[in-house]
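Here the protein sequences line up with chains A and B, keeping their order. If you count by my numbering, then the first sequence holds residues 56 to 157, one letter each, in order. If you count by my numbering, then the second sequence holds residues 20 to 150, one letter each, in order. Reading through the structure tokens given below for one structure.
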Amino acid sequence: MSIAPVTAVTAVTPVQGLAGTGAVTAPASDGSAFASVLGSVDSLQQMQATTDGLAVQAVTGDLDDVHDYTIAAAQSSLAIELTAAVRNKAVEAFSEIMRMQA
Amino acid sequence: MGLFDAIGIAGSGLTVHRKWLDALSDNIANADDVTATSDGAFRERYVVAQEMAGGGVQVAGVVLGDADGRVVQDPSNPLADADGYVRQADVDLTSQMTQLILAQRGYQANAAVVDRAKESYQAALQIGRTS
């Protein structure tokens, strides 16, 4: 009775990245991702400044179009709601990570 | 294209309709103007609307009606010439009032677009908030 020779173990194929999960791009180490968030806060501030300027024009009688003010007010209120929503989501995600147990 | 384009475009429509209302207001206010026959009559204002490149509408300019007006006889008028004629503005009030309705409805339609767009964006912000 002969023993069959042991065949060579085939090389293990390297584990592929999980399909389906979108690659999460790491934020650049120079902190540019955070800077871009600050940039959008700046544009929000600009929007608020425009609204404030139009409000001053409205009370001083320099406003040409009533709707210019109401539209600017609507836009800045929407923008601030959007910013607050994004901020709340970010804080929520951070808290979720902090609650993680080993 | 920006974040709140629908609102901005409707805003440009509001501005054009406001200017149309201004022109109509001027036409109606001057409908009874009388001038001497040696002068030109009041010229109606027509607002010319034009589409904007990135979306929206703008006033391309204002076209004036003819200065001939209507020459009527009114010898008692101090402006009357030797033959007793004066020149009246030839403004068709019926047409102006019809246009007034159109301008008002157009303005209201654009204002409604602003409101609906705002409501839509707010609905988008509610997505995923029911937790």
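C-beta: ideal position from N, C-alpha, C; glycine also. Predicted model only: the values in this text are computed from it and were never measured.
- Using a Cβ-Cβ cut-off of 8 Å, A:Ala129 is close to Ile26, Val133 and Lys137 of chain B, given in chain order.
- Take B:Tyr104, set aside five residues on each side of it, and the residues of its chain with a beta-carbon closer than 6 Å to its own are Thr56, Val90 and Gln92, in chain order.
- Closest in C-alpha terms to B:Thr54, from the list B:Val133, B:Asp109, B:Val82 and B:Val132, comes B:Asp109.
- Of the residues B:Arg64, B:Leu98, B:Val76 and B:Met71, the one whose Cα lies closest to the Cα of B:Gln115 is B:Arg64.
- Looking from the CA of A:Val96, the closest CA among A:Arg142, A:Thr125, A:Met155 and A:Ser57 belongs to A:Arg142.
- Short of 8 Å from the beta carbon of B:Leu40, and not among the five residues preceding or following it, lie these beta carbons of its own chain, in chain order: Leu119, Ala122, Gln123 and Tyr126.
- Chain order gives the chain B residues near A:Leu137 as Leu144, where near means a beta carbon separation below 7 Å.
- When rounded, the separation of the alpha-carbon atoms in A:Leu133 and A:Met102 is 11 Å.
- Listed along chain B, no residue sits closer than 8 Å to A:Asp97 by beta-carbon distance, the nearest being about 15 Å off.
- Runs of beta strand (DSSP E) with 3 or more residues, each lying fully within the segment 38-126 of chain B, are found at 53-55, 64-70, 76-83, 89-92 and 104-107, listed in chain order.
- For A:Ala113, not one C-beta of chain B is nearer than 7 Å to its own C-beta.
- A distance below 7 Å separates the beta carbons of B:Thr34 and A:Asp120.
- Excluding its 5 nearest sequence neighbours in each direction, A:Leu118 has C-beta neighbours in its own chain below 8 Å: Leu109, Gln112 and Tyr124, listed in chain order.
- Against chain A, a Cβ distance below 9 Å from B:Thr34 picks out Asp119, Asp120, His122 and Asp123.
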